[in-house]
(Lines of atoms letter the chains of each structure in order from A and count residues from 1; the text may use other names and numbers.)
(Lines give C-alpha, C1' and ligand atoms only; values in the text may rest on other atoms or scores of the structure.)
Protein backbone atom coordinates (compact mmCIF):
# COMPACT_ATOMS: atom_id res chain seq x y z
CA UNK A 1 0.00 0.00 0.00
CA UNK A 2 1.44 3.40 -0.96
CA UNK A 3 1.76 6.30 1.48
CA UNK A 4 -0.98 8.18 -0.37
CA UNK A 5 -3.34 5.21 -0.10
CA UNK A 6 -2.47 4.77 3.57
CA UNK A 7 -3.21 8.41 4.31
CA UNK A 8 -6.52 8.18 2.46
CA UNK A 9 -7.57 5.11 4.42
CA UNK A 10 -6.71 6.78 7.72
CA UNK A 11 -8.64 9.89 6.67
CA UNK A 12 -11.68 7.77 5.78
CA UNK A 13 -11.56 6.10 9.18
CA UNK A 14 -11.51 9.43 11.01
CA UNK A 15 -14.31 10.76 8.79
CA UNK A 16 -16.44 7.77 9.76
CA UNK A 17 -15.69 8.31 13.45
CA UNK A 18 -16.61 12.00 13.21
CA UNK A 19 -19.85 11.09 11.43
CA UNK A 20 -20.91 8.73 14.21
CA UNK A 21 -19.81 11.05 17.02
CA UNK A 22 -21.83 13.92 15.56
CA UNK A 23 -24.92 11.85 14.73
CA UNK A 24 -27.68 12.04 17.39
CA UNK A 25 -28.75 8.49 16.46
CA UNK A 26 -26.99 5.21 15.64
CA UNK A 27 -26.47 4.71 11.91
CA UNK A 28 -26.90 1.70 9.63
CA UNK A 29 -24.43 0.56 6.98
CA UNK A 30 -26.59 2.11 4.26
CA UNK A 31 -26.76 5.47 6.06
CA UNK A 32 -22.99 5.48 6.62
CA UNK A 33 -22.24 4.62 2.99
CA UNK A 34 -24.58 7.36 1.74
CA UNK A 35 -23.22 9.99 4.13
CA UNK A 36 -19.60 9.24 3.22
CA UNK A 37 -20.23 8.73 -0.50
CA UNK A 38 -18.79 5.21 -0.38
CA UNK A 39 -20.06 1.90 -1.70
CA UNK A 40 -21.50 -0.45 0.91
CA UNK A 41 -18.52 -2.75 0.44
CA UNK A 42 -16.02 0.04 1.11
CA UNK A 43 -18.01 1.32 4.09
CA UNK A 44 -18.27 -2.18 5.54
CA UNK A 45 -14.48 -2.61 5.38
CA UNK A 46 -14.01 0.63 7.31
CA UNK A 47 -16.64 -0.40 9.85
CA UNK A 48 -15.09 -3.84 10.37
CA UNK A 49 -11.64 -2.33 10.92
CA UNK A 50 -12.88 0.12 13.54
CA UNK A 51 -15.00 -2.59 15.18
CA UNK A 52 -11.91 -4.79 15.54
CA UNK A 53 -9.95 -1.90 17.06
CA UNK A 54 -12.72 -1.06 19.53
CA UNK A 55 -13.51 2.38 18.13
CA UNK A 56 -16.98 1.31 16.95
CA UNK A 57 -19.59 -1.03 18.34
CA UNK A 58 -22.61 -2.67 16.76
CA UNK A 59 -25.94 -2.41 18.55
CA UNK A 60 -29.38 -3.93 17.98
CA UNK A 61 -30.72 -3.56 14.46
CA UNK A 62 -27.27 -3.66 12.82
CA UNK A 63 -26.61 -0.05 13.70
CA UNK A 64 -23.31 1.47 14.73
CA UNK A 65 -22.16 3.90 17.43
CA UNK A 66 -18.74 5.06 18.66
CA UNK A 67 -17.03 2.44 20.82
CA UNK A 68 -15.85 2.78 24.40
CA UNK A 69 -12.29 3.31 23.20
CA UNK A 70 -13.28 6.71 21.79
CA UNK A 71 -14.65 7.74 25.19
CA UNK A 72 -11.57 6.39 26.96
CA UNK A 73 -9.18 8.35 24.74
CA UNK A 74 -11.26 11.52 25.09
CA UNK A 75 -11.27 11.23 28.88
CA UNK A 76 -7.51 10.62 29.02
CA UNK A 77 -6.92 13.67 26.82
CA UNK A 78 -9.13 15.84 29.03
CA UNK A 79 -7.29 14.66 32.15
CA UNK A 80 -4.04 15.98 30.66
CA UNK A 81 -5.55 19.29 29.56
CA UNK A 82 -4.49 22.19 31.81
CA UNK A 83 -7.73 24.11 31.26
CA UNK A 84 -9.83 21.11 32.25
CA UNK A 85 -7.71 20.37 35.32
CA UNK A 86 -7.88 23.96 36.54
CA UNK A 87 -11.61 24.39 35.94
CA UNK A 88 -13.21 21.05 36.76
CA UNK A 89 -12.82 21.06 40.55
CA UNK A 90 -13.84 24.72 40.95
CA UNK A 91 -16.92 24.25 38.77
CA UNK A 92 -17.90 21.11 40.64
CA UNK A 93 -17.61 22.97 43.94
CA UNK A 94 -19.76 25.90 42.82
CA UNK A 95 -22.37 23.51 41.40
CA UNK A 96 -22.57 21.73 44.77
CA UNK A 97 -22.66 25.04 46.62
CA UNK A 98 -25.41 26.67 44.54
CA UNK A 99 -27.31 23.56 43.46
CA UNK A 100 -27.26 24.51 39.77
CA UNK A 101 -25.90 22.83 36.64
CA UNK A 102 -22.56 24.03 35.28
CA UNK A 103 -20.91 23.68 31.89
CA UNK A 104 -17.40 24.21 30.55
CA UNK A 105 -17.27 24.85 26.81
CA UNK A 106 -14.88 25.76 24.02
CA UNK A 107 -15.51 26.95 20.48
CA UNK A 108 -15.01 24.29 17.81
CA UNK A 109 -15.65 25.65 14.35
CA UNK A 110 -19.15 27.11 14.37
CA UNK A 111 -20.32 25.03 17.33
CA UNK A 112 -19.81 24.89 21.07
CA UNK A 113 -18.10 21.77 22.40
CA UNK A 114 -18.91 20.83 25.99
CA UNK A 115 -15.76 19.54 27.72
CA UNK A 116 -17.24 19.30 31.22
CA UNK A 117 -20.79 19.18 32.51
CA UNK A 118 -22.31 18.68 35.95
CA UNK A 119 -26.08 18.44 35.76
CA UNK A 120 -28.15 19.03 38.88
CA UNK A 121 -31.62 18.79 37.35
CA UNK A 122 -32.80 18.28 33.80
CA UNK A 123 -34.83 21.03 32.16
CA UNK A 124 -34.17 19.93 28.59
CA UNK A 125 -35.74 17.05 26.65
CA UNK A 126 -32.23 15.63 26.17
CA UNK A 127 -29.05 15.33 28.19
CA UNK A 128 -26.05 17.63 27.79
CA UNK A 129 -22.81 15.79 28.51
CA UNK A 130 -19.10 15.96 27.83
CA UNK A 131 -18.74 15.90 24.05
CA UNK A 132 -22.11 17.51 23.32
CA UNK A 133 -22.23 20.15 20.57
CA UNK A 134 -24.43 23.23 21.12
CA UNK A 135 -25.40 26.21 18.96
CA UNK A 136 -23.41 29.30 19.99
CA UNK A 137 -26.03 31.98 19.30
CA UNK A 138 -28.49 30.96 22.02
CA UNK A 139 -26.36 29.37 24.74
CA UNK A 140 -24.71 31.48 27.44
CA UNK A 141 -21.26 29.95 26.98
CA UNK A 142 -21.64 30.22 23.21
CA UNK A 143 -22.37 33.94 23.31
CA UNK A 144 -19.50 34.52 25.75
CA UNK A 145 -17.12 32.74 23.37
CA UNK A 146 -18.39 34.61 20.31
CA UNK A 147 -18.02 37.93 22.13
CA UNK A 148 -14.38 37.10 22.83
CA UNK A 149 -13.46 36.60 19.18
CA UNK A 150 -11.58 39.33 17.28
CA UNK A 151 -13.55 40.84 14.35
CA UNK A 152 -11.46 39.04 11.72
CA UNK A 153 -12.54 35.69 13.17
CA UNK A 154 -16.05 36.63 14.29
CA UNK A 155 -17.39 38.04 11.03
CA UNK A 156 -16.64 35.02 8.79
CA UNK A 157 -18.19 32.79 11.46
CA UNK A 158 -21.34 34.92 11.69
CA UNK A 159 -21.80 34.88 7.92
CA UNK A 160 -21.98 31.10 7.89
CA UNK A 161 -23.84 30.64 11.18
CA UNK A 162 -27.38 29.25 11.13
CA UNK A 163 -29.38 31.19 13.71
CA UNK A 164 -31.91 28.46 14.37
CA UNK A 165 -34.93 29.45 16.45
CA UNK A 166 -34.72 27.17 19.49
CA UNK A 167 -37.32 29.05 21.58
CA UNK A 168 -39.50 32.11 20.89
CA UNK A 169 -36.80 34.21 22.61
CA UNK A 170 -33.85 32.99 20.51
CA UNK A 171 -31.96 35.63 18.52
CA UNK A 172 -32.41 34.79 14.83
CA UNK A 173 -31.09 37.95 13.10
CA UNK A 174 -27.35 38.44 12.69
CA UNK A 175 -27.49 42.22 13.32
CA UNK A 176 -29.33 41.62 16.58
CA UNK A 177 -26.70 39.05 17.54
CA UNK A 178 -23.93 41.56 16.81
CA UNK A 179 -25.65 44.06 19.12
CA UNK A 180 -25.97 41.40 21.81
CA UNK A 181 -22.28 40.54 21.54
CA UNK A 182 -21.38 44.23 21.90
CA UNK A 183 -23.44 44.35 25.13
CA UNK A 184 -21.64 41.25 26.39
CA UNK A 185 -18.22 42.80 25.74
CA UNK A 186 -19.24 45.90 27.66
CA UNK A 187 -20.79 43.95 30.55
CA UNK A 188 -18.09 41.28 30.62
CA UNK A 189 -20.34 38.22 30.81
CA UNK A 190 -23.24 36.78 28.82
CA UNK A 191 -26.85 35.98 29.63
CA UNK A 192 -29.19 33.54 27.91
CA UNK A 193 -32.66 34.42 29.17
CA UNK A 194 -34.88 31.53 27.98
CA UNK A 195 -33.12 31.59 24.59
CA UNK A 196 -31.94 27.97 24.78
CA UNK A 197 -34.73 26.67 27.01
CA UNK A 198 -37.84 28.41 28.30
CA UNK A 199 -37.12 26.83 31.68
CA UNK A 200 -33.62 28.26 32.09
CA UNK A 201 -31.84 31.53 32.76
CA UNK A 202 -28.12 31.04 32.17
CA UNK A 203 -24.98 33.10 32.61
CA UNK A 204 -21.73 32.58 30.71
CA UNK A 205 -18.41 33.84 32.05
CA UNK A 206 -15.15 34.06 30.09
CA UNK A 207 -12.13 32.04 31.17
CA UNK A 208 -9.12 34.12 30.21
CA UNK A 209 -5.51 33.01 29.90
CA UNK A 210 -2.09 34.60 30.24
CA UNK A 211 -2.28 35.92 26.67
CA UNK A 212 -5.35 37.96 27.69
CA UNK A 213 -7.46 35.79 25.37
CA UNK A 214 -10.61 33.79 26.07
CA UNK A 215 -9.64 30.13 26.40
CA UNK A 216 -13.10 28.81 27.22
CA UNK A 217 -16.37 29.80 28.86
CA UNK A 218 -18.17 28.48 31.92
CA UNK A 219 -21.95 28.45 32.19
CA UNK A 220 -24.36 28.40 35.12
CA UNK A 221 -27.94 27.27 34.45
CA UNK A 222 -30.57 28.67 36.81
CA UNK A 223 -34.17 27.39 36.72
CA UNK A 224 -36.40 30.24 35.55
CA UNK A 225 -38.47 30.00 38.74
CA UNK A 226 -35.36 30.92 40.78
CA UNK A 227 -34.87 34.06 38.71
CA UNK A 228 -37.78 35.62 40.59
CA UNK A 229 -35.71 35.69 43.78
CA UNK A 230 -33.52 38.60 42.69
CA UNK A 231 -31.38 38.61 45.84
CA UNK A 232 -30.56 34.91 45.51
CA UNK A 233 -29.95 35.27 41.77
CA UNK A 234 -27.54 38.17 42.27
CA UNK A 235 -25.63 36.23 44.94
CA UNK A 236 -25.41 33.16 42.68
CA UNK A 237 -24.19 35.17 39.69
CA UNK A 238 -21.63 37.04 41.81
CA UNK A 239 -20.35 33.74 43.19
CA UNK A 240 -20.06 32.29 39.70
CA UNK A 241 -18.17 35.32 38.41
CA UNK A 242 -15.71 34.86 41.28
CA UNK A 243 -15.20 31.27 40.16
CA UNK A 244 -14.60 32.46 36.60
CA UNK A 245 -11.99 34.88 37.89
CA UNK A 246 -10.31 32.19 40.01
CA UNK A 247 -10.01 29.86 37.02
CA UNK A 248 -8.69 32.70 34.86
CA UNK A 249 -6.01 33.51 37.46
CA UNK A 250 -4.97 29.85 37.46
CA UNK A 251 -4.64 30.07 33.66
CA UNK A 252 -2.29 33.04 34.00
CA UNK A 253 -4.67 35.96 33.44
CA UNK A 254 -3.65 39.09 35.40
CA UNK A 255 -6.01 41.77 34.11
CA UNK A 256 -9.32 43.08 35.49
CA UNK A 257 -12.23 40.63 35.60
CA UNK A 258 -15.97 41.38 35.22
CA UNK A 259 -18.16 42.00 38.24
CA UNK A 260 -21.92 41.81 38.58
CA UNK A 261 -23.42 45.15 37.51
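In UniProt numbering, the protein residues as written are 1 to 261.
Yeah, the Cβ is synthetic: ideal placement off N, Cα and C, and Gly gets one too.
Endpoints, the alpha helix (DSSP H) within which residue i is located
{"i": "residue 32", "result": "29-36"}
{"i": "residue 145", "result": "140-147"}
{"i": "residue 58", "result": "Looking at the DSSP string, residue 58 is not in any alpha helix (DSSP H); the run it does join, the beta strand (DSSP E), is 56-59."}
{"i": "residue 247", "result": "230-250"}
Selected residue, minimal CA-CA separation from residue i, among the options
{"i": "residue 173", "options": "162, 167 and 182", "result": "162"}
{"i": "residue 35", "options": "52, 48, 17 and 51", "result": "17"}
{"i": "residue 118", "options": "103, 111, 107 and 66", "result": "103"}
{"i": "residue 30", "options": "40, 22 and 21", "result": "40"}
{"i": "residue 64", "options": "158, 54, 26 and 156", "result": "26"}
{"i": "residue 105", "options": "83, 89, 96 and 93", "result": "83"}
{"i": "residue 121", "options": "222, 167 and 238", "result": "222"}
{"i": "residue 291", "options": "42, 168, 9 and 70", "result": "Outside the displayed range of the chain (1 to 261) lies residue 291, so it cannot be described from this structure."}
{"i": "residue 246", "options": "175, 94 and 152", "result": "94"}
{"i": "residue 145", "options": "189, 260 and 258", "result": "189"}
{"i": "residue 42", "options": "181, 260, 9 and 61", "result": "9"}
{"i": "residue 252", "options": "224, 225, 205 and 214", "result": "214"}
{"i": "residue 128", "options": "250, 242 and 219", "result": "219"}
Rounded straight-line distance, which links the Cα of residue j to that of residue i
{"i": "residue 148", "j": "residue 139", "result": "14 Å"}
{"i": "residue 143", "j": "residue 165", "result": "15 Å"}
{"i": "residue 111", "j": "residue 217", "result": "13 Å"}
{"i": "residue 2", "j": "residue 46", "result": "Since pLDDT at residue 2 reaches only 46, below the 50 mark, its modelled position is unreliable, and the value read off the structure follows with that caveat. If you take the alpha carbons of residue 2 and residue 46, they lie about 18 Å apart."}
{"i": "residue 184", "j": "residue 244", "result": "15 Å"}
{"i": "residue 87", "j": "residue 51", "result": "34 Å"}
{"i": "residue 201", "j": "residue 154", "result": "25 Å"}
{"i": "residue 236", "j": "residue 98", "result": "7 Å"}
{"i": "residue 197", "j": "residue 232", "result": "21 Å"}
{"i": "residue 248", "j": "residue 186", "result": "18 Å"}
{"i": "residue 264", "j": "residue 100", "result": "Since the first and last residues shown for the chain are 1 and 261, residue 264 lies out of range."}
{"i": "residue 130", "j": "residue 256", "result": "30 Å"}
{"i": "residue 226", "j": "residue 62", "result": "45 Å"}
{"i": "residue 12", "j": "residue 177", "result": "37 Å"}
{"i": "residue 89", "j": "residue 60", "result": "38 Å"}
{"i": "residue 171", "j": "residue 15", "result": "32 Å"}
The beta strand (DSSP E) enclosing residue i, as first and last residue numbers
{"i": "residue 46", "result": "Unbroken run through residue 46 is the alpha helix (DSSP H), 40-53; no beta strand (DSSP E)."}
{"i": "residue 105", "result": "101-108"}
{"i": "residue 191", "result": "190-193"}
{"i": "residue 205", "result": "200-208"}
{"i": "residue 65", "result": "63-66"}
{"i": "residue 120", "result": "Here residue 120 belongs to no beta strand (DSSP E), and DSSP marks it neither H nor E."}
{"i": "residue 184", "result": "Counting along the chain, residue 184 falls outside any beta strand (DSSP E), though it belongs to the alpha helix (DSSP H) covering 174-187."}
For residue j and residue i, believed in contact at Cβ under 8 Å, the rounded distance
{"i": "residue 136", "j": "residue 91", "result": "That belief does not hold up - the Cβ atoms of residue 136 and residue 91 are roughly 20 Å apart, past 8 Å."}
{"i": "residue 169", "j": "residue 193", "result": "7 Å"}
Bridge-paired residues (DSSP) for residue i
{"i": "residue 222", "result": "201"}
{"i": "residue 154", "result": "Paired residue(s): none; residue 154 is not in a bridge."}
{"i": "residue 12", "result": "Per DSSP, none; premise fails for residue 12."}
{"i": "residue 21", "result": "DSSP lists no partner for residue 21."}
{"i": "residue 91", "result": "None; residue 91 has no bridge partner."}
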